[in-house]
Amino acid sequence: MNFIERLVNIVYPPKCIFCQKLLDHDAALHICSACYLKLPLVENRILKTSLDEEENYCDGVVSVFEYTGMVKESLIRFKFYNKPSYYRTYARLLADKIGKVTDVKNYQMVLSVPLHKHKEFSRGYNQARLISKALSRLLKKRECSYLLKRERYTEAQSLMDKQKRNQNVKGAFAVVSPNKVKGKAILLVDDILTTGSTLEECGRVLKQAGAEKVFAVVVATGRK
Ligand SMILES: [Zn+2]
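Residue numbers (numbering that gives the first Met the number 0): 0 to 223.
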């Protein structure tokens, strides 16, 4: 923990991101011991972003948790109820997970799935980018979220089936400076994996711009 983080922890004592219990001010992971034992962890293996054989522009995806119960509630607070500080704990868990399934030194940059600027404005922050920034510091990689932008507004996807989601995100993203991603191996950050259509569309435009490898990393997966 750096000096600023220590200071923040003294002024705003950290709380468990799952049950909101107060923790010691020097806690690096904001998870209490009781919650830690109950976490719905996903085993250390690489999943496919798309379940369709012909797709999979991403070279794989890894998730820390299953998107259920306490994890789901925590991510909902993080996204919609103004708990942006949770990014620190999620990023630490992700850094640890990535190190267990792939060789971090093979990657050059970290970037996040972009939100439309209107959405980011109304929420006040982009949750995936907060995680991406912290993760890039932990892994000592460049943070390049600016290279990927959302071209158009997409409808909320939670009630759509897979085919609808694919159509919904098609053409939604663009790479800002293709020469900067050419030949690079990229860690692509998002908060939740469901059908994988958003990650796949980001993977598609990054590969089209010449990225050598796109490995997706998410806090939680809604897949069974
Ligand atoms: Zn707890």
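Ideal Cβ positions, reconstructed from N, Cα and C, are used throughout, including at glycine.
Practice item. Consider the C-beta atom of residue 20 and the heavy atoms of ligand 1; say whether any pair is separated by less than 6 Å. Key: yes
Exercise for review: Using three-state DSSP, classify residue 95 as helix, strand or coil.
Suggested key: helix
**Study point:** Complete runs of the alpha helix (DSSP H) confined to the stretch 48 to 128 [at least 4 residues]
**Key:** 68 to 79, 86 to 100 and 116 to 122
Practice item. Please classify residue 12: is it buried, with 16 or more other beta-carbons within 10 angstroms of its beta-carbon, or exposed? Key: exposed
Review point. If you follow the alpha helix (DSSP H) that residue 181 is part of, which residue opens it and which one closes it?
Key: Careful: residue 181 lies outside any alpha helix (DSSP H) and carries neither H nor E.
Exercise for review: State yes or no: is the C-beta of residue 17 nearer than 6 Å to some heavy atom of ligand 1?
Suggested key: yes
Practice item. Can you give me the start and stop residues for the beta strand (DSSP E) that residue 234 sits inside? Key: Because the chain here runs from 0 to 223, residue 234 falls outside it and cannot be looked at.
Point to revise | Spatially closest choice to residue 131 from 185, 165 and 161, by CA coordinates | key: 185
Review point. Hey, would you say residue 45 sits closer than 7 Å to residue 61, going by beta carbons?
Key: yes
Practice item. Check the DSSP bridge columns for residue 189 and list the partner residues they point to. Key: 217
Check your understanding: Which stretch, first to last residue, makes up the alpha helix (DSSP H) that contains residue 198?
Key -> 196 to 207
Review point. Is it the case that the CB of residue 31 approaches a heavy atom of ligand 1 more closely than 6 Å?
Key: yes
Review point. Going by the C-beta, is residue 34 closer than 6 Å to any heavy atom of ligand 1?
Key: yes
Review point. For residue 41, which three-state DSSP category applies?
Key: coil
Review point. Which residue's Cα is closest to the Cα of residue 103: 74, 137 and 78?
Key: 137
Check your understanding: Where residue 216 and residue 188 are concerned, what is the direct C-alpha to C-alpha distance, given to the nearest angstrom?
Key -> 5 Å
Exercise for review: Leaving aside the five residues before and after residue 212 along the sequence, list all residues of the same chain whose C-beta is less than 6 Å from its C-beta, in chain order.
Suggested key: 58 and 184
Check your understanding: Going by alpha carbons, who is nearest to residue 125 out of 8, 78 and 222?
Key -> 78
Point to revise | Close-in-space but distant-in-sequence residues of the same chain around residue 0 (CB under 8 Å, 5 per side omitted) | key: 8, 25 and 27
Check your understanding: Between the Cα of residue 56 and the Cα atoms of 91, 205 and 76, which residue gives the shortest distance?
Key -> 205
**Study point:** Beta-carbon proximity check, residue 168 vs residue 208, cutoff 7 Å
**Key:** no
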